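The sequence shown begins at 327 in my numbering and counts up one residue at a time.
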Amino acid sequence: MAGETIITVQGNVTADPELRFTPAGHAVANFTVASTPRTYDKAAGEWRDGDTLFLRCSAWRSLAENIAESLTRGTAVIVTGRLRQRSYETQQGEKRTVVELEADNVGPSLARATAAVTKTTGDRQQGQQNTRQQSGGWGQQQAPQDDPWGQQPRSDPPF
327 MAGETIITVQ
337 GNVTADPELR
347 FTPAGHAVAN
357 FTVASTPRTY
367 DKAAGEWRDG
377 DTLFLRCSAW
387 RSLAENIAES
397 LTRGTAVIVT
407 GRLRQRSYET
417 QQGEKRTVVE
427 LEADNVGPSL
437 ARATAAVTKT
447 TGDRQQGQQN
457 TRQQSGGWGQ
467 QQAPQDDPWG
477 QQPRSDPPF
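Given below as structure tokens:
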């Protein structure tokens, strides 16, 4: 939506993501990112950790399924999305309000790891592709043969 503030958080996933499905069949993944700021203490000549922020995150549809397949506890991630506030009532009747990050994009932090990216295909994208095709989007178009990003890497050397 227009006017929303997009934020980016980097940190570590605290537990394996939880993947669930709504009654309508939409996937939703929930996970928590722990982000600890570090500052350099000149007087002591050392780095010091600040207070850790634990931020609950959620993602929907194919992003949710990709997160569930790709991330595990301890993975260093970068999450971009919008803060959402929601209120609820506990079983004891107490009213609570929480702030969560609704993720638009999630990726591994390559500052501390490497990643092998695999383009998703198949059933997970089928519903998304059909929706795009009906709405005049990119649908199920195939990548041109000369598109190196649309093809699997070669296993034999090119020379």
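Glycine included, C-beta positions come from ideal geometry on N, C-alpha and C.
Just so we're clear, the structure is a prediction, and the values are computed from it rather than from any experiment.
- The region 423 to 435 and the region 377 to 384 touch, with no fewer than 3 CB-CB distances between them shorter than 8 angstroms.
- Taking 8 angstroms as the cut-off, the beta carbon of THR331 is found closer than this to the beta carbon of ARG408.
- In the three-state reduction of the DSSP assignment, LEU379 falls in the strand class.
- For LEU389, the enclosing alpha helix (DSSP H) starts and ends at 387 to 396.
- Annotation: ARG412 to GLU420 spans about 14 angstroms, alpha carbon to alpha carbon.
- Relative to the Cα of THR406, the nearest Cα in the group THR334, VAL443 and SER361 belongs to THR334.
- In terms of CA proximity to LYS445, GLU395 leads the group VAL424, GLU395, TYR414 and GLU372.
- A distance below 6 angstroms between beta-carbons, with the five flanking residues on each side excluded, links LEU397 to the following residues of its chain, in chain order: VAL339 and PRO343.
- At a cut-off of 3 residues, the continuous stretches assigned as beta strand (DSSP E) that sit fully inside the region 398 to 454 are 402 to 415 and 421 to 434.
- Between ALA355 and ALA390, the CB-CB gap stays under 8 angstroms.
- Burial state of GLY337 is buried, judged by a 10 Å Cβ sphere holding 16 or more other Cβ atoms.
- Annotated three-state conformation of ALA353 is strand, per DSSP.
- Straight-line measurement puts the Cα of ALA402 at about 16 angstroms from the Cα of ASN392.
- The shortest CA-to-CA distance from VAL432 to any of THR447, ARG410, ILE404 and TYR414 is the one to ILE404.
- Per DSSP, the continuous beta strand (DSSP E) segment holding ASP367 begins and ends at 364 to 367.
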